[in-house]
Structure formats: C-alpha cells, structure tokens
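End of the sequence shown sits at 160 in the working numbering; the numbers just go up one at a time, nothing left out.
All C-beta atoms in this analysis are idealised placements derived from N, C-alpha and C, irrespective of residue type, glycine included.
Encoded as structure tokens, the structure appears first; notes follow it.
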Amino acid sequence: MLGQLSPDQIESLLHNEVIGRIGCNANGITYIVPITYAYDGRYIYGHSKEGLKIQLMRTNPMVCFEVDRMENLANWKSVIVWGKYEELKGDEKKSGLEKLISRFAPLMTSETSIPATGAEAHQNDTGPFKTVIFRIEVKEKSGRFEKR
C-alpha cells in the first residue's frame, strides 16, 4: 500500500533520523549530498566545511531536504522538506552546534567518533576550511510511505 504520511509521522521521521540529503541548485549546477542533521521542529541544523554545497546555498538559499527510513524495497518512509538556508554566526552558531552535538552524542559509541572539541572551539573558526554551521528554515514538508 502506498500512502501519504500524516503530519505527526512526518515530524517523527524528521526528529528520529540523523542522516538526510540536501539538494541545492545555482549557476546551472544541481548538487545533492548526504549530511548529518538535527531537527528542532522549525529548523534543520547542519554543518559543513567550505565547499561546493556552501557556495551553491549562499548563491541560492532555497533548498530541498530529504530523509528516509528504508526497511526494504516494499516498506519505507520518506519526507521531503523545502526551505531556506541560513548561515549562523556568533551566539546562533554556537547554539546550532550545541544542538548538533546533543543530537549526535548518544550515537557516539567509540573513542574515535567523539569530537575532540566542542562548540567553543568552532566559535571563531577561520581560514579556508572553516566549519560552517547552518540551518534550513522549514517552509513546506510532505511525506510518503509504502507498506506491505
């Protein structure tokens, strides 16, 4: 059976997953890449080093985000979000990074998966490979499923 996810099911999937795919488009280039994320009900928070994804989102801040849970080819859920990219600075950057660290902390099961530094270390991150903390303001979302 194919169907549409309810608003509660959409929220649940966004809150419970940690890997999604962000799609951006600018200057004739479409780019889709997986990211780890945290969701607070209004924003999707992410982080990245400077690169093509950040360049494209700075040029065109309207993005698409997808998250799914695949049990098998006949049992899956998928959510699509349309929103607006916003790069965070100062206290908002620190708060966004703290949300990400809080979300990922329970999943860090080995010594090598634990970040060496926390939010304070990234506050004044500079240079060509600085860490960019961003959020996507959710404008619209929809979800679908298949269950057999």
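Could you have a look at residue i and say whether DSSP puts it in helix, strand or coil?
i          : result
glycine 95 : strand
Span of the beta strand (DSSP E) holding residue i?
i             : result
asparagine 37 : 31–38
leucine 14    : 14–16
asparagine 72 : Note, asparagine 72: premise wrong, no beta strand (DSSP E); not H, not E.
glutamate 152 : 143–158
From the options, pick the residue whose C-alpha is nearest to that of residue i; which is it?
i                 : options                      : result
leucine 109       : Ile145, Lys101, Phe77        : Ile145
cysteine 76       : Met82, Glu83, Ile56, Trp88   : Ile56
proline 46        : Cys36, Ile31, Asn84          : Ile31
glutamate 29      : Val150, Tyr51, Met69, Lys111 : Tyr51
aspartate 80      : Met13, Arg70, Tyr97, Val91   : Val91
asparagine 87     : Leu14, Gly15, Glu158         : Glu158
leucine 68        : Ile34, Asp20, Glu78          : Ile34
valine 93         : Arg70, Gly40, Ser107, Leu26  : Leu26
phenylalanine 116 : His59, Gly63, Ser24, Tyr97   : His59
Measuring only the C-alpha atoms, how far is residue i from residue j?
i             : j              : result
alanine 131   : glycine 155    : Residue placement at alanine 131 cannot be trusted, given a pLDDT of 46 that sits under 50; the coordinates are not used to answer.
alanine 128   : isoleucine 113 : A caution first: alanine 128 carries a pLDDT of 45, below 50, which makes its placement in the model too unreliable to give a value.
tyrosine 43   : lysine 61      : 15 Å
glutamate 152 : lysine 142     : 30 Å
glycine 53    : asparagine 84  : 27 Å
asparagine 37 : threonine 48   : 20 Å
glycine 95    : arginine 160   : 32 Å
proline 19    : methionine 82  : 19 Å
Is it buried or exposed for residue i, if we count other Cβ within 10 angstroms and need 16 for buried?
i             : result
lysine 105    : buried
arginine 147  : buried
lysine 101    : exposed
isoleucine 22 : buried
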